[in-house]
Amino acid sequence: MSMQDTPPLKSRFAVLYGNLLRYPARLRLDPVSGAALFTLVAMLLFAFITPLFFENVNAMGHESFAPPGPQHPMGTDDLGRDVFARFAYGARSSLSVGILAAFTSSIIGISLGAVAGFSQGVVDIVLMRISELFQVIPRFFLALLVIAIFGSHLIFIILTIGLLGWPEVARITRAEFLTLREREYVMAAHAVGQSTRSIIFGEILPNAMPPLIVAMTMQVSSAILLEAGLSFLGLGDPSNPSWGLMLNEAQQFLTRAWWMAVFPGLGILLTVAALNIFGDHLTDVLNPRLRGGR
Amino acid sequence: MKGYRVTSKVLPGTRAVVEKSAANPARLSSIRYVALKVLSALPMLLGVIVVNFVLIHLAPGDPVSVLVGETEPTPEQLAELYQKLGLDKSVGRQFLEYVGSILRGDLGYSYVLQNDVLGLILNRVPATLSLMLTSLIVFTVVGVLLAIIVARHPKSLIDRGGSALAVIGYSVPAFWLAQIILLVFALQLRWFPTNGMTNSRYTYEGWAYFTDVLHHLILPASVLGMRYLAINFRYARAAMRDALSQDYIVAARAKGLPEKRIVFHAFRNGILPVITVFGLNVTDILAGSILTEIVFGWPGIGRLMYDAMYARDYPLLMGIFIFVSIGIIITNLLIDIVYSLFDPRVRLK
Amino acid sequence: MAEALLVVEGLNTVLNTSEGTVRAVTDVSVEIGKGEIVGIVGESGCGKSMTVMSIMGLVPSPPGEVTGGRVMFDGTDLRTLSGAEMQKTRGRRIGMIFQDPMTFLNPVLTIESQISEMLRHHLNLTKAERRERVIDLLRRVRIPDPARVVASYPHQLSGGMRQRILIATAISCDPELIIADEPTTALDVTVQAQILELLKEIIHDMGSSLLLITHDLGVVAETCDRVYVMYAGKVVEEAPVDELFRTPKHPYTQGLLASILRADERRDELYALDGTVPNLVDVPVGCAFVDRCAKATAICETAGPGWTRNSDVSGVACWNYET
């Protein structure tokens, strides 16, 4: 391997781009994981396009508890609001919370994990003990406590969920860094005097990506579930209908209007199941070591 | 074929030697192992207390108003609270006193319910435990058994069906599943009661009480159990398949052992990751059980927490948080110990 | 040759993989007499282990499948036995020793339970009888302090000790035949010699037969009476050990012999066989060894060589060999 100089930024970008183009083929989709990916893409498009067609999702209608029909495909709720419109908005906020919270925990997790794995020693021990602590602390209870004390703005919910999810990402990053830093190309980069930063971002991080991508997928799904649970308890942001909030509203009308509960729940189930199936598939593809059967 | 003579050259006294030399070092290292695990759990405990302490002090307003919330305690109670928090002392001093009071079992006082927090929580423990343990035991066993059956017939119909069900089981929000089950089995079919742990119109005793509770228990336990079933099935299946592909299974087959014994060989190894994963999932499972309790009106800790949240009863909320965290730390400790019973490699390191 | 104990005739085993059908074992015929020690030697991937697994009825299916041949053991074709009958034969009448004693022992069960389970299922001994016998077996394989070792787990023992445990397991029901698949490969050189010596002695004491699978001609020379050389899933040469070493007939055997060092020789250059075993998916029409053979002629490319029999106990599959 030639290590005389760092490849110029442009070529590295080209390599990355080439990798992206090759990804669909490398995903080796089977019918099940293909369906999961399709569901995810469809749900994303739905969540970010449909709400644009509804002006006021909180607008009350004339007819309360209308069952699903041509006028209201998912019926109306106790205040006569269109459940479908709220479902679409709910999709947007649930997915946004999921993605942004996962993004938050990934940034924190990758930075701390990288520091721990790269520096080792005391920093490593302290960081890993903290991450162990976070694994023992009941995430849901803590989130509930924090939001009950500090209030339930959307940003706050995202940050709380994100802050609670980082240890998982950090542990994986650290483990990857520990193995990768011993690899020849990293040693070689050290030997030719590359800066620590360029070694981390140029050599180690790209190679640690596969397991991290899987971890991030799982972060999104657990963040969606966590948000739904919090909103269900009435800790969601009331101005932003999310699937969990809709289920909270549905609870007292279970007998009168089943549709208020069924559709938002199906939305969560479908999204989370698709994420989990796709995440499992990614694990299989990116991590042949873990694949079952030999 | 040569028959074997049982009257072989075993020296007298051999058996005594076996027992003596085998038991002692193993037991000693087991004790050391447990002690080590307990020691390493202590920093966790401290961490949980720190998190709680920081929360009280970070909350908007001063700690007293946070803890008192919207209630109006008597002047004596306020004076006592000031005294206890020691707000005039240094932060370090306050923290030490806080740790001290928790270690003494004082989790605070609920001004909303006018009662001791620990007492309030302990009252609800039996309900939560009876719900959790029932579904935990029943559905863990079912999940693992199903995985053992399926692992030997990969890609069969039952394997695919089980796997699909497992994906649903760990993707479905517990409270929504609870709602749907409630809707179908309690509200539509009217097979089971909708709410609570006992029928409040009657006071049953003895066997009648037991069946009444059981009748109330079935729906919430099944909802909770779906998750145990899914998680255990998923990991046990992967672990069993992995174990069945190992060399020692080839060796066991070459020994001419019956299929049952071969499955046992795989099971003793396959159960290990299941135990580990269970430890990692305890917190998720607990969250599921609070939400389930709330939907079914089950009078456990989850329901208590829900009420505390609406009443802005922060001392109770924080008490529950600490109590549950300690519960999880202890559970993890127990899991480590159980694991060491199943895996000799850990025990003797 | 002594009275035959195991006669394998025309054994064929394939592996159905996504890349195609791998012909792992092709027309293999092997014979082992009572009280005899017979070796099968060849490079890794030549089909030795698959031959053994086919004999034991342990070819993993899928992807593997035994497609033809007979495995006559003491007058019965093992391939016609039912699953339950075969189960009673394995371990009870044919014991097996494996290459890596670490992975072939169950890591979470005690040594005692791994030996005693065989005594329970095959011999129906009581608990006390089993305990006595296990200790006795450990003593027979020269394990010091057997009373302590029975209660230990595989990871607490050394590699040589673990291999002794595997041997004790294999001989626990006094089988008539023991199959050892590379029993010394995973061990230190010094331990190798001890284990081979022990194995020979135990086989001799029991009056059983041994089928020894190895890639190491040195092991064959020290242990075996007769030997089969396998290449690319086929037997290419069969001979008594001293004959094989004195006058190797197949060019492959000659190459193997030339590549080992002998203490009584001084050489400046080490000889190594060029090339590798061919891919068994697209088996060449001619002799499988043709690409690596110095003596190959036109016919070797187009047709597989037949079996030239020299005597009862020796033969070779090569176009260039003339009696």
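Chains as they are written, first to last, in this note's numbering: chain A, 1 to 294; chain R, 1001 to 1349; chain E, 2001 to 2323.
Where is the CB? At the ideal position from N, CA and C, for every residue including glycine.
Just so you know, these numbers come straight off a predicted model, no measurement behind them.
For residue i, go through chain A and note every residue whose CB falls closer than 8 Å to its CB, in chain order.
| i | result |
| --- | --- |
| Thr1283 of chain R | Gln135, Val136, Ile137, Pro138, Arg139 and Phe140 |
| Met1044 of chain R | Glu132, Leu133 and Val136 |
| Leu1286 of chain R | Pro138, Phe140 and Phe141 |
Run through chain E and tell me which residues come within less than 7 Å of residue i, C-beta to C-beta.
| i | result |
| --- | --- |
| Lys1155 of chain R | Correct list: empty, because the minimum Cβ distance to chain E is about 10 Å. |
Just the C-alpha distance for residue i and residue j, rounded to the nearest angstrom, thanks.
| i | j | result |
| --- | --- | --- |
| Phe1342 of chain R | Val2108 of chain E | 7 Å |
| Ala2147 of chain E | Ile2135 of chain E | 6 Å |
| Tyr89 of chain A | Leu1113 of chain R | 39 Å |
| Lys1155 of chain R | Ala1230 of chain R | 17 Å |
| Asn1024 of chain R | Gly2033 of chain E | Legend: pLDDT at Asn1024 of chain R = 43, less than 50; position of this residue unreliable, value from coordinates given subsequently. Those two C-alpha atoms are separated by around 48 Å. |
| Ala1311 of chain R | Gly234 of chain A | 13 Å |
| Leu1085 of chain R | Ser1101 of chain R | 10 Å |
| Asp2027 of chain E | Arg174 of chain A | 53 Å |
| Ser2158 of chain E | Met2050 of chain E | 28 Å |
| Pro1220 of chain R | Thr1292 of chain R | 6 Å |
| Glu2243 of chain E | Tyr2321 of chain E | 15 Å |
| Asp2181 of chain E | Ile2097 of chain E | 6 Å |
| Met128 of chain A | Ile1249 of chain R | 37 Å |
| Val41 of chain A | Val1034 of chain R | 49 Å |
| Thr2063 of chain E | Ala2024 of chain E | Per the sequence shown, residue 2063 of chain E should be read as Pro rather than Thr. Looking at the two C-alpha atoms, the distance is approximately 11 Å. |
| Lys1009 of chain R | Ser2172 of chain E | Residue placement at Lys1009 of chain R cannot be trusted, given a pLDDT of 30 that sits under 50; the coordinates are not used to answer. |
| Ile130 of chain A | Pro1043 of chain R | 10 Å |
Starting from residue i, find everything on chain E with Cβ-Cβ shorter than 8 Å and list it in chain order.
| i | result |
| --- | --- |
| Tyr1248 of chain R | Thr2103, Phe2104, Leu2105, Asn2106 and Pro2107 |
| Arg1152 of chain R | Residues of chain E passing the Cβ test: none, with the nearest at roughly 13 Å. |
| Arg1345 of chain R | Pro2107, Val2108, Tyr2153 and His2155 |
Is residue i near the ligand NAP, going by C-beta to nearest heavy atom under 7 Å?
| i | result |
| --- | --- |
| Trp2319 of chain E | Here there are no bound small molecules, and the ligand NAP is not part of this structure. |
Which residues in chain R have a C-beta closer than 7 Å to the C-beta of residue i? List them in chain order.
| i | result |
| --- | --- |
| Trp258 of chain A | Leu1183 |
| Phe232 of chain A | Phe1175 and Leu1291 |
| Glu2182 of chain E | Going along chain R, no residue has its Cβ under 7 Å from Glu2182 of chain E, so there is no contact; the nearest lies around 12 Å. |
| His2122 of chain E | Gly1256 |
Going by DSSP, name the residue or residues bridged to residue i.
| i | result |
| --- | --- |
| Thr2017 of chain E | E:Gly2020 |
| Gly2095 of chain E | E:Ile2178 |
| Met1988 of chain E | Given a span of 2001 to 2323 for chain E in the structure shown, any question on residue 1988 of chain E remains unanswerable. |
| Arg2090 of chain E | E:Ile2094 |
| Phe2073 of chain E | E:Leu2006 and E:Thr2076 |
| Pro2240 of chain E | E:Arg2226 |
| Tyr1109 of chain R | R:Asp1116 |
So which residues on chain A does residue i lean against when the C-beta distance must stay under 9 Å?
| i | result |
| --- | --- |
| Gly1196 of chain R | The premise fails here: Gly1196 of chain R is roughly 16 Å from chain A at the closest Cβ pair, so nothing lies under 9 Å. |
So with CB distances below 8 Å, who are the chain R contacts of residue i?
| i | result |
| --- | --- |
| Gly2091 of chain E | Ala1254, Lys1255, Gly1256 and Leu1257 |
| His2204 of chain E | Ordered by position in chain R, no residue passes the 8 Å Cβ test against His2204 of chain E, which lies about 14 Å from the chain. |
List, in chain order, every chain R residue whose beta-carbon is nearer than 9 Å to that of residue i.
| i | result |
| --- | --- |
| Glu2036 of chain E | Correct list: empty, because the minimum Cβ distance to chain R is about 18 Å. |
| Arg129 of chain A | Pro1043, Met1044 and Gly1047 |
| Asp2100 of chain E | Asp1247 |
| Gln251 of chain A | Phe1175, Gln1179, Ile1294 and Val1295 |
Would residue i pass as an interface residue toward chain D - the criterion being a Cβ-Cβ separation below 8 Å?
| i | result |
| --- | --- |
| Tyr1228 of chain R | Chain labels in this structure do not include chain D; the protein chains are A, R and E. |
Are the region 1299-1307 of chain R and the region 1117-1126 of chain R in contact at 8 Å, needing three or more beta carbon pairs?
yes
Using a Cβ-Cβ cut-off of less than 7 Å, give me the residues of the region 1265-1278 of chain R that come near chain A, in sequence order.
none
With a cut-off of 8 Å, do at least 3 Cβ pairs link the region 2040-2058 of chain E to the region 2070-2082 of chain E?
yes
Which residues, in order along the region 1308-1322 of chain R, keep a beta-carbon less than 8 Å from a beta-carbon of chain A?
Met1309, Tyr1310, Arg1312, Tyr1314, Leu1317, Met1318, Ile1320 and Phe1321
If contact means a Cβ-Cβ distance below 9 Å, which residues of the region 259-270 of chain A contact chain R?
Per Cβ criterion, the list reads Ala261, Val262, Pro264, Gly265, Leu266, Ile268, Leu269 and Leu270.
Chain E contacts from the region 1233-1262 of chain R (Cβ-Cβ distance under 8 Å)
Taken in chain order, the members of the region 1233-1262 of chain R whose beta-carbon sits within less than 8 Å of a beta-carbon on chain E are Gln1246, Asp1247, Tyr1248, Val1250, Ala1251, Ala1252, Arg1253, Ala1254, Lys1255, Gly1256, Leu1257, Pro1258 and Arg1261.
Would you check if the region 1098-1109 of chain R and the region 1314-1330 of chain R touch, i.e. whether three or more CB-CB distances between them fall below 8 Å?
yes
Kindly confirm or deny that the region 2122-2140 of chain E and the region 2207-2225 of chain E touch, where touching means at least three C-beta pairs closer than 8 Å.
no
Chain A contacts made by the region 1325-1338 of chain R, where a contact means CB separation under 8 Å
Ser1325, Ile1328, Ile1329 and Asn1332
Closer than 8 Å, Cβ to Cβ, to anything on chain A: give me those residues from the region 1157-1170 of chain R, in chain order.
Val1167, Ile1168 and Tyr1170
Between the region 70-87 of chain A and the region 121-137 of chain A, do three or more beta carbon pairs fall short of 8 Å?
no
Should the region 207-224 of chain A be regarded as contacting the region 269-279 of chain A, the criterion being three or more beta carbon pairs within less than 8 Å?
yes
Residues from the region 1090-1122 of chain R in contact with chain A, defined by Cβ distance under 7 Å:
none
Mind the definition here: the region 2040-2048 of chain E touches the region 1322-1330 of chain R only if three or more C-beta pairs lie below 8 Å; say whether that holds.
no
Flag this pair as touching only if the region 1196-1216 of chain R and the region 1145-1152 of chain R have three or more C-beta atom pairs under 8 Å; answer yes or no.
no
Stretch pair the region 1250-1260 of chain R + the region 101-113 of chain A: three plus CB contacts closer than 8 Å:
no
Below 8 Å, can you find three or more Cβ-Cβ pairs linking the region 249-266 of chain A to the region 63-72 of chain A?
yes
Would you say the region 2307-2321 of chain E touches the region 2245-2260 of chain E, given that touching needs at least three Cβ pairs under 8 Å?
yes
Given 8 Å, three or more beta-carbon pairs between the region 190-208 of chain A and the region 140-147 of chain A
no
Are there three or more Cβ pairs, one per stretch, closer than 8 Å when the region 159-171 of chain A is compared with the region 1323-1340 of chain R?
no
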